[in-house]
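Taking this note's numbering, the leading residue of the sequence shown gets 0, the next gets one more, and so forth.
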Amino acid sequence: MTQSQALTILKTGANVFLTGEPGSGKTYLINEYVAYLRAHEIEPAITASTGIAATHIGGFTIHSWCGIGIKKQLEKRDLEKIASSGYIKKRVNRAKILIIDEISMLLPGTLVMVDAVCRKIKGSAAPFGGLQIVLVGDFFQLPPVVKNEEENVLIKEVSARFAYDSPAWSAANLTVCYLSEQYRQDDATFLNILTAIRCNRFGEDHLCHIEKRKIQQHLAPARAPKLFSHNFDVDRVNEEMLAKLSGEVKAFLMLSKGPRPIVDALKRGCLSPEKLCLKIGAEVMFVKNNLKEGFVNGTLGRVEAFDKTSGWPIVKTRNGRKIQTEPMDWVIEEGGITRAQITQLPLRLAWAITVHKSQGMSMDEAVMDLSGVFEFGQGYVAFSRVRRLAGLHILGWNEKTFLVHPEILSKDKIFRARSSRAKEFLSDMAGAELAKRHENFIVFCEGNLKANENLVQKIGGRWEKKEKIDTHIATFTLWNERKNIAQIANARNLAESTILGHIERLTKQGKIDRDDLSRILTPTPAKALPQIHAAFRELGADALSPVFAKFAGKYSYDELRIARMMYQK
Numbered sequence: 000m001t002q003s004q005a006l007t008i009l010k011t012g013a014n015v016f017l018t019g020e021p022g023s024g025k026t027y028l029i030n031e032y033v034a035y036l037r038a039h040e041i042e043p044a045i046t047a048s049t050g051i052a053a054t055h056i057g058g059f060t061i062h063s064w065c066g067i068g069i070k071k072q073l074e075k076r077d078l079e080k081i082a083s084s085g086y087i088k089k090r091v092n093r094a095k096i097l098i099i100d101e102i103s104m105l106l107p108g109t110l111v112m113v114d115a116v117c118r119k120i121k122g123s124a125a126p127f128g129g130l131q132i133v134l135v136g137d138f139f140q141l142p143p144v145v146k147n148e149e150e151n152v153l154i155k156e157v158s159a160r161f162a163y164d165s166p167a168w169s170a171a172n173l174t175v176c177y178l179s180e181q182y183r184q185d186d187a188t189f190l191n192i193l194t195a196i197r198c199n200r201f202g203e204d205h206l207c208h209i210e211k212r213k214i215q216q217h218l219a220p221a222r223a224p225k226l227f228s229h230n231f232d233v234d235r236v237n238e239e240m241l242a243k244l245s246g247e248v249k250a251f252l253m254l255s256k257g258p259r260p261i262v263d264a265l266k267r268g269c270l271s272p273e274k275l276c277l278k279i280g281a282e283v284m285f286v287k288n289n290l291k292e293g294f295v296n297g298t299l300g301r302v303e304a305f306d307k308t309s310g311w312p313i314v315k316t317r318n319g320r321k322i323q324t325e326p327m328d329w330v331i332e333e334g335g336i337t338r339a340q341i342t343q344l345p346l347r348l349a350w351a352i353t354v355h356k357s358q359g360m361s362m363d364e365a366v367m368d369l370s371g372v373f374e375f376g377q378g379y380v381a382f383s384r385v386r387r388l389a390g391l392h393i394l395g396w397n398e399k400t401f402l403v404h405p406e407i408l409s410k411d412k413i414f415r416a417r418s419s420r421a422k423e424f425l426s427d428m429a430g431a432e433l434a435k436r437h438e439n440f441i442v443f444c445e446g447n448l449k450a451n452e453n454l455v456q457k458i459g460g461r462w463e464k465k466e467k468i469d470t471h472i473a474t475f476t477l478w479n480e481r482k483n484i485a486q487i488a489n490a491r492n493l494a495e496s497t498i499l500g501h502i503e504r505l506t507k508q509g510k511i512d513r514d515d516l517s518r519i520l521t522p523t524p525a526k527a528l529p530q531i532h533a534a535f536r537e538l539g540a541d542a543l544s545p546v547f548a549k550f551a552g553k554y555s556y557d558e559l560r561i562a563r564m565m566y567q568k
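In structure tokens form, the structure reads like this:
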């Protein structure tokens, strides 16, 4: 299913399970849906199963949102107490749409408790009290962490660790939207390896590619982040590497305001530490998105200097951009009012990071020690962080690295089949009927039928007016993040031909080097570039159709267009 088809289904108000492989655009699609709702003056409840995921999306943990906290089960008096809480009651009553991200990390019993709280407060027997429920995630990702002493109790309550086994999941009658497009990996061989692991078809032919990426510790790229299974390895490497650098340590302390429990939850979910120690030469990773400044969550760089006036670090990213990095806010908002806030530089030391904390990140390259993998899917998550096979540097692995949960394999087939049926149902529905369903859901949510396109989502959930920005510059920023044409078009919700036009203009302006265009040219026309350029000299470069005809359609117009950009008369 495409993102557009899934968004169309979401707009009808159907309960949805949104899934897909890493890099298929789940988070992007949810952001599009949230922006659509806010344009119609509807504020969704945005939550996630973990603190880190909640921090990424600027929302609550689902435990905090519905007041269940760390409870493993709800007794009647617990439910009554939660339902009588003024702010919880107001929060749930005001909600029309509940989004839960990283659903794979949520225990089935927790989903039952969320359902019970919503029904109680809404005074409705309907699943989740009649809310539109949108569950987002990929069960091939890391499953919930269960403490050993709780295993027996949990097994008595439910038969498995996965949210889809919850009776609340079944009652919600979820439409499955399985995204099929890929926007992260741009390497066909690597994508085949990831798909093979996901489908339990990983064999010798795939292993031979992995073995070619195995390296010795002393040959590891110095600047590539290192992924480990355990926290103690990460802390050890980062501390050792920082200590090796000469020069003065600069410490940056996190600021906070708001109720302590909420602030503590924000801190637990924030990838920036409470005390960030840096030196010139420190390898760092940005942990928030700021497209205007030229970085996203996962952008890598090195501390070049500290500003003489402000003292803030100046980071040089891998693409050569220098960014004076200033503190950013992580907030939890409710009804447009900030409940809690923490402020810190959006950086962390990036010589090493755990596989768990790497979820949601995209990296150009990474060094991985997977010899300590202890959970199904941990190796798959680690591999899928990087965009291409050449960016994979492996120190070691164990027998569990290439395994995914056997139960998930069979469940995945069911999800794919249900998504196909939903896609067929959507294609059979008349446009007028779809438009009516979209309109009816806006009315149900008490929204404004006339969309206010000047309202957009800001990180952290605030509304603000759209900032005017040169459309070519926005494309240029994404180009500098090494994104390909499809990824830029997807991020900007524009046609690929439009993005090509931007790149052509930027090339003529000298902002994009002609030699750098080779990375978006496929191998076949790249090898034939001298012949194509000879054809331009013979037939002229103003019109592409004569050259297209000369090669009998062997090269597409887009390929010829890129070749023309690289052509110097």
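Think of the CB as a built atom: it goes at the ideal place given N, C-alpha and C, for glycine as much as any other residue. Keep in mind it's a predicted model, so treat the numbers as computed, not measured.
First through last residue of the beta strand (DSSP E) which encompasses residue i
{"i": "HIS581", "result": "The shown model of the chain, from 0 to 568, leaves out residue 581, and the question about it has no answer."}
{"i": "ARG301", "result": "299-305"}
{"i": "GLY19", "result": "15-19"}
Beta-carbon proximity check, residue i vs residue j, cutoff 9 Å
{"i": "ALA47", "j": "ILE96", "result": "no"}
{"i": "THR174", "j": "ARG417", "result": "yes"}
{"i": "PHE227", "j": "THR353", "result": "yes"}
{"i": "GLY66", "j": "SER84", "result": "yes"}
{"i": "GLY351", "j": "ARG222", "result": "It is worth fixing the name first, because residue 351 is Ala in this sequence and not Gly. Going by C-beta atoms, ALA351 is not nearer than 9 Å to ARG222."}
{"i": "GLU364", "j": "PRO220", "result": "yes"}
{"i": "ILE87", "j": "GLY136", "result": "no"}
{"i": "ILE407", "j": "PHE161", "result": "yes"}
{"i": "HIS532", "j": "ALA562", "result": "yes"}
{"i": "PHE251", "j": "GLN323", "result": "no"}
{"i": "LYS278", "j": "VAL302", "result": "yes"}
{"i": "THR497", "j": "ALA488", "result": "yes"}
{"i": "LEU9", "j": "VAL133", "result": "yes"}
{"i": "ILE196", "j": "PHE382", "result": "yes"}
{"i": "SER361", "j": "ARG386", "result": "yes"}
Straight-line Cα distance separating residue j from residue i
{"i": "PRO272", "j": "MET253", "result": "8 Å"}
{"i": "ASP77", "j": "MET112", "result": "11 Å"}
{"i": "ASN451", "j": "ILE484", "result": "29 Å"}
{"i": "ALA44", "j": "LEU28", "result": "16 Å"}
{"i": "GLU466", "j": "LYS291", "result": "Bear in mind that the predicted position of GLU466 carries a pLDDT of just 38, short of 50, making it unreliable; the figure below should be weighed with that in mind. About 10 Å."}
{"i": "LYS356", "j": "ALA551", "result": "50 Å"}
{"i": "ALA13", "j": "VAL33", "result": "15 Å"}
{"i": "PRO21", "j": "GLN181", "result": "8 Å"}
{"i": "LYS25", "j": "SER555", "result": "30 Å"}
{"i": "LEU36", "j": "GLU42", "result": "7 Å"}
{"i": "GLU40", "j": "HIS437", "result": "14 Å"}
{"i": "SER179", "j": "ALA434", "result": "24 Å"}
{"i": "GLY430", "j": "ALA94", "result": "28 Å"}
{"i": "HIS229", "j": "GLY371", "result": "8 Å"}
{"i": "GLU148", "j": "LEU448", "result": "Confidence in GLU148 is poor, its pLDDT being 40 and thus under 50, which makes the residue's placement unreliable; the coordinate value appears in the next sentence. If you take the alpha carbons of GLU148 and LEU448, they lie about 51 Å apart."}
{"i": "PRO326", "j": "LYS80", "result": "38 Å"}
{"i": "VAL262", "j": "GLU503", "result": "47 Å"}
{"i": "GLY280", "j": "LEU299", "result": "13 Å"}
{"i": "PHE373", "j": "GLU238", "result": "24 Å"}
{"i": "ARG347", "j": "GLY128", "result": "41 Å"}
{"i": "ASP368", "j": "LEU402", "result": "16 Å"}
{"i": "ARG320", "j": "LEU391", "result": "24 Å"}
{"i": "ASN199", "j": "ALA187", "result": "18 Å"}
{"i": "LYS256", "j": "TRP329", "result": "11 Å"}
{"i": "GLU31", "j": "LEU6", "result": "8 Å"}
{"i": "VAL615", "j": "GLN4", "result": "Because the chain spans 0 through 568 in this model, residue 615 falls outside it and cannot be assessed."}
{"i": "LEU388", "j": "TYR379", "result": "13 Å"}
Reference residue i; option with closest CA among the options
{"i": "LEU265", "options": "SER179, GLN340, ALA351, ILE498", "result": "GLN340"}
{"i": "TYR569", "options": "PRO545, THR523, LEU516", "result": "Outside the displayed span of the chain (0 to 568) sits residue 569, for which this structure offers no information."}
{"i": "GLY268", "options": "ILE56, ALA82, ARG338, LYS80", "result": "ILE56"}
{"i": "ARG420", "options": "LYS213, ALA38, CYS176", "result": "CYS176"}
{"i": "ALA242", "options": "GLU282, ALA219, PRO258", "result": "GLU282"}
{"i": "GLN377", "options": "LEU346, TRP396, ALA53, LYS435", "result": "TRP396"}
{"i": "ASN492", "options": "ALA349, ILE313, ILE413, ALA473", "result": "ALA473"}
{"i": "LEU528", "options": "THR506, ARG560, ASP411, ILE331", "result": "ARG560"}
{"i": "LYS121", "options": "ASP137, ALA82, GLU101", "result": "ALA82"}
{"i": "CYS444", "options": "ASN92, LEU369, ASN288", "result": "ASN92"}
{"i": "GLU74", "options": "LYS119, GLU31, ARG536", "result": "LYS119"}
{"i": "ARG90", "options": "PRO107, ILE61, MET367, CYS276", "result": "ILE61"}
{"i": "PHE440", "options": "SER383, LEU130, SER496, SER255", "result": "LEU130"}
{"i": "ARG481", "options": "THR316, MET284, THR400", "result": "THR316"}
Start and end residues, alpha helix (DSSP H) containing residue i
{"i": "ILE336", "result": "Segment 336-343 is the beta strand (DSSP E) holding ILE336; no alpha helix (DSSP H) there."}
{"i": "TYR177", "result": "From DSSP, TYR177 is part of no alpha helix (DSSP H) but of the beta strand (DSSP E) over 174-178."}
Beta carbon proximity, residue i to chain E, threshold 9 Å
{"i": "ALA13", "result": "Annotation note: the requested chain E is absent from the structure, which comprises a single protein chain."}
Starting from the N-terminal side, write out each stretch of the beta strand (DSSP E) that is 3 residues or longer and does not extend beyond the stretch 242-284.
-> Counting only runs of at least 3 residues, the stretch 242-284 fully encloses the following beta strand (DSSP E) elements, listed from N- to C-terminal order: 249-252, 254-256, 274-277.
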